[in-house]
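Chemist: Encoded as structure tokens, here's the structure I'll be asking about.
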Amino acid sequence: MSDPIPTRPISKIIIVGAGPSGLLLALLLAKHGIPVHPRAAHYGAPAIPEFVRAGMADRIRERGMVLDTMCWRSSDEGNEYMAGFDAGRVLRRVHVDGVGEVDLRTHCLALQDLDRLMLDEVVERYGGVVEWEHRVVEVGQDGKGAWCEVEVGNGKERKVVRGDYVVGRLCLGMMFPGFTWDEQIIATNTYYDFDGKFGWQDANFIIHPEHFFVAARLTRDGLYRITYGETPGLICEEYLARQPGSLRPSCPATRSQTTTKSPISRPTACTSGGLGITGGFVDVGGLYDCLAGIWDGKVDEYILDLYSEERTEKRVSDKDPKTRFERDQFMQDLMRAETDDVYLKELLMMPMEVRYDFTQHYKEAVREVD
1 MSDPIPTRPI SKIIIVGAGP SGLLLALLLA KHGIPVHPRA AHYGAPAIPE
51 FVRAGMADRI RERGMVLDTM CWRSSDEGNE YMAGFDAGRV LRRVHVDGVG
101 EVDLRTHCLA LQDLDRLMLD EVVERYGGVV EWEHRVVEVG QDGKGAWCEV
151 EVGNGKERKV VRGDYVVGRL CLGMMFPGFT WDEQIIATNT YYDFDGKFGW
201 QDANFIIHPE HFFVAARLTR DGLYRITYGE TPGLICEEYL ARQPGSLRPS
251 CPATRSQTTT KSPISRPTAC TSGGLGITGG FVDVGGLYDC LAGIWDGKVD
301 EYILDLYSEE RTEKRVSDKD PKTRFERDQF MQDLMRAETD DVYLKELLMM
351 PMEVRYDFTQ HYKEAVREVD
């Protein structure tokens, strides 16, 4: 898809990886008219403005759901409620600069369904090109721009794809340093009536040094994502064999009696509210602002260096949970927020700090003309 305006500073962008972040970036760019060539289930507040800008927020709510309530519970027999909040009280309509009034509650739609929605938008509505069974084996740049050498199909054919920029991570040899917990975390999708039997909320964090877990609603019909700790170093088949016993502490009734469950499960490494895919969506939203600014002549390429610096600076950290309620200020803050909506909104807006407004670096002269 070539650019009909030859004076544009960008003619095409190659996105390596047609996963959720790649597709969201492709959709944002395609809606802006920039030619693109691209190859989790819960999405937190910082990602929602990007869905709004991509025209996907309403469709996600139609096909999925939003989460209002979240709480932290003890690990005793009754999983006693410790602290929590109802985001619906304060996040249904929040003004976000550059976007407008936004429902910032956590949105939920199975990742494969979200990918399908975005893929249809990119290809069918905006004319983006998605090449399947293409594996990038080398990237580079020259005086004419950036390029990818790719293997097609079974690898017998190779070709070179050119563009002004290549967007990716692994293909560019980028490292992803950080801290990895020693524990093995397993995520499994399970039908279990947490709400009807025990009055649990949309998302429930159970605090325990060994049998910690999270139970979060995935669908309206009672499917939950249960994320729990396991013994490290086992193979997939061993985790599957251990799953009934491993899930038992996560389902209150099974502690004294056996309950048949119908799980839709797959063991996988998983974070629990760690802004994983949400952080990815925020990353591509910021990158979109940078590329769109270059495309519109509002900013020079230096903004891409600024993008790298600002996104690298954003960090999320946590501490090992033990006697959490007594010593953790956050738990005390949740108690205060249960009766103070102003303070609750302040708490729930804190994750928005991972966002960064790259449009503030656009050229002022162009802004005035606009």
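The UniProt record's numbering numbers the first residue of the sequence shown as 1 and each following residue consecutively.
For each residue, glycine too, the CB sits at the ideal point set by N, CA and C.
Only a predicted model underlies this, so the values are computations on that prediction, with no experimental measurement involved.
Determine, for Arg-92, whether the minimum Cβ-Cβ distance to residues of chain B falls below 8 Å.
Modeler: As a matter of chain content, chain B is missing from the structure shown, which is built from one protein chain.
Chemist: Only counting the same chain, and skipping five residues up and downstream in sequence, which positions put a Cβ closer than 7 Å to that of Met-352?
Modeler: Ala-45 and Pro-46
Chemist: Spell out the partners DSSP gives Met-70 in its beta bridges.
Modeler: Phe-85 and Ala-203
Chemist: For Asp-283, which residues of its own chain have a beta-carbon under 8 Å away from its beta-carbon, when the five flanking residues on both sides are left out?
Modeler: Ser-21 and Arg-311
Chemist: Three or more C-beta pairs under 8 Å: does that hold for the region 202-215 against the region 115-135?
Modeler: no
Chemist: Report the partner residues of Arg-135 according to the DSSP bridge assignment.
Modeler: Glu-151
Chemist: Is the beta carbon of Asp-202 less than 8 Å from the beta carbon of Leu-348?
Modeler: no
Chemist: Taking the alpha helix (DSSP H) that Gln-360 belongs to, which residues open and close that run?
Modeler: Secondary structure note for Gln-360: it is in no alpha helix (DSSP H), with a DSSP letter that is neither H nor E.
Chemist: How is Met-65 classed by DSSP in three states: helix, strand or coil?
Modeler: strand
Chemist: Taking Ile-186 and Thr-227 to be in contact with their CB atoms under 8 Å, please state how far apart those CB atoms are, rounded to whole angstroms.
Modeler: 7 Å
Chemist: In this structure, how does DSSP classify Phe-194 when only helix, strand and coil are distinguished?
Modeler: helix
Chemist: Residue ranges of each alpha helix (DSSP H) run of no fewer than 4 residues wholly in the region 206-244, ordered along the chain?
Modeler: none
Chemist: Kindly confirm or deny that the region 71-78 and the region 293-307 touch, where touching means at least three C-beta pairs closer than 8 Å.
Modeler: no
Chemist: Rounded to a whole number of angstroms, what is the C-alpha to C-alpha distance between Phe-205 and Met-82?
Modeler: 10 Å
Chemist: Starting from the Cα of Leu-24, find the closest Cα among Arg-248, Tyr-288 and Leu-170 and give me that residue.
Modeler: Tyr-288
Chemist: Please identify the residue among Phe-281, Gly-78 and Arg-53 whose C-alpha is closest to the C-alpha of Lys-197.
Modeler: Gly-78
Chemist: Ignore the nearest five residues each way along the sequence and tell me which others in Leu-27's own chain have a CB closer than 6 Å to its CB.
Modeler: Ala-54, Met-118, Glu-121 and Val-122
Chemist: Where does Lys-31 fall in DSSP's three states?
Modeler: helix
Chemist: Would Val-150 pass as a contact of Val-130 if the rule is Cβ separation under 8 Å?
Modeler: no
Chemist: If Glu-50 sits next to Phe-281, beta carbons under 8 Å apart, how far is it from one beta carbon to the other, in whole angstroms?
Modeler: 5 Å
Chemist: So Gly-168 packs on Gly-17, CB below 8 Å; how close in whole Å?
Modeler: Right, the Cβ-Cβ distance comes to about 6 Å (below 8 Å), so this counts as a contact.
Chemist: According to DSSP, which residues form a beta bridge with Thr-106?
Modeler: Leu-67
Chemist: Are there 16 or more other CB atoms within 10 angstroms of the CB of Tyr-302, so buried, or fewer, so exposed?
Modeler: Around the beta-carbon of Tyr-302, fewer than 16 other beta-carbon atoms lie within 10 Å, marking it exposed.
Chemist: For a quick check, are the C-beta atoms of Arg-93 and Asp-103 less than 8 Å apart?
Modeler: yes
Chemist: Would you mind giving the Cβ-Cβ distance between His-32 and Trp-295, rounded to the nearest angstrom? I have them listed as a contact below 8 Å.
Modeler: That pair is a contact at about 7 Å.
Chemist: Have a look at the DSSP bridge pairing and note the partners of Gly-145.
Modeler: Gly-145 pairs with Asp-142.
Chemist: Assuming Glu-50 is part of the alpha helix (DSSP H), what are its boundary residues?
Modeler: 48-53
Chemist: Apply the 10 Å Cβ neighbour rule to Cys-290 and answer buried if 16 or more other Cβ atoms are within range, or exposed otherwise.
Modeler: buried
Chemist: CA-CA distance, Ile-14 and Lys-363?
Modeler: Roughly 26 Å separates the two Cα atoms.
Chemist: How would you call Thr-231, buried or exposed, if buried means at least 16 neighbouring beta carbons within 10 angstroms?
Modeler: The residue in question, Thr-231, is exposed, as its Cβ has fewer than 16 Cβ neighbours within 10 Å.
Chemist: Report the CB separation of Asn-189 from Leu-240 in whole angstroms; it is logged as a contact under 8 Å.
Modeler: Not really, about 14 Å apart at Cβ, beyond 8 Å.
Chemist: I need the straight-line Cα distance from Val-152 to Thr-219, nearest angstrom please.
Modeler: 37 Å
Chemist: Lys-159 by DSSP, collapsed to three states: which one?
Modeler: strand
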